[in-house]
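Residue numbers (the working numbering): 732 to 880.
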Amino acid sequence: MLLRRERAMTAVAIMLDVAFHAGRTEAVSAADIAERLGQARRGIEPVLQALSRAGLLDSIRGPKGGYRLGHPARDLRLAEIVSTALDDDAAGGEAPAGRLQAAVVHPLWSEMEALCRDHLARLTIADLIKRAAAAGVKRPTVEPLNFVI
Numbered sequence: 732m733l734l735r736r737e738r739a740m741t742a743v744a745i746m747l748d749v750a751f752h753a754g755r756t757e758a759v760s761a762a763d764i765a766e767r768l769g770q771a772r773r774g775i776e777p778v779l780q781a782l783s784r785a786g787l788l789d790s791i792r793g794p795k796g797g798y799r800l801g802h803p804a805r806d807l808r809l810a811e812i813v814s815t816a817l818d819d820d821a822a823g824g825e826a827p828a829g830r831l832q833a834a835v836v837h838p839l840w841s842e843m844e845a846l847c848r849d850h851l852a853r854l855t856i857a858d859l860i861k862r863a864a865a866a867g868v869k870r871p872t873v874e875p876l877n878f879v880i
């Protein structure tokens, strides 16, 4: 899990972006998400699809389509998001082999991954939104259209 952090970080960033800009009611387009993350849309599509297949995101078709949260932010655990992203990912390269690695490195790596999973299991998307607010990041406000003739 720790070695393949780019895909996991992308998944968490996507979920936070959708929660921050759309939530469960509005939809946000893949192009908007990609632009805010500074990534190519083609690069995040596989992660969006994996999150949608897992039910973490709802995919909405049509001209006002896009993505919205599949569950309330308080119910979306980071461990599940990371697990979903990495389950769909190809396995990493081969690990070093040998007696020393088998006796020391592999158990250490397993221990670190368990600690990481435990920490991620305690955090939700709602927690990350609170962290954003504490850091002074304000949610965008959508102003209603006002036509005056």
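Built from N, CA and C at the ideal position, the CB exists for glycine as well.
Three-way DSSP call (helix, strand, coil) for Gly796 in this model:
Coil.
Quick one: residues in its chain with C-beta nearer than 7 Å to the C-beta of Ala804, no 5 flanking neighbours on either side, listed in chain order?
Same-chain partners within the cutoff: Ala750, Thr855, Ile856, Ala857, Ile860.
If we ignore side chains and look at the alpha-carbon of each, how far apart do Leu782 and Leu788 end up?
Rounded to whole angstroms, Leu782 to Leu788 spans 6 Å at the Cα level.
Between Arg848 and the rest of its own chain, which residues show a CB-CB distance below 6 Å, the 5 nearest in sequence each way excluded?
Its chain contains Ala810 as the residues whose beta carbon lies nearer than 6 Å to that of Arg848, once the 5 sequence neighbours on both sides are disregarded; these appear in chain order.
I need the DSSP call for Gly867, collapsed to helix, strand or coil.
Residue state for Gly867 is assigned as coil, using DSSP reduced to three classes.
Identify whether Leu788 lies in helix, strand or coil by the three-state DSSP scheme.
Leu788: strand per DSSP, three-state reduction.
Quick one: give me the first and last residue of the alpha helix (DSSP H) that Thr815 is part of.
Here the alpha helix (DSSP H) through Thr815 covers 809-818.
So what does Val759 bridge to, in DSSP terms?
Bridge partners of Val759: Tyr798.
First and last residue of the alpha helix (DSSP H) that includes Asp849?
For Asp849, the enclosing alpha helix (DSSP H) stretches over residues 837-853.
8 Å contact criterion, which Glu757 and Arg799 should meet: CB distance rounded:
Under the criterion of beta carbons closer than 8 Å, Glu757 and Arg799 qualify as touching, at roughly 6 Å.
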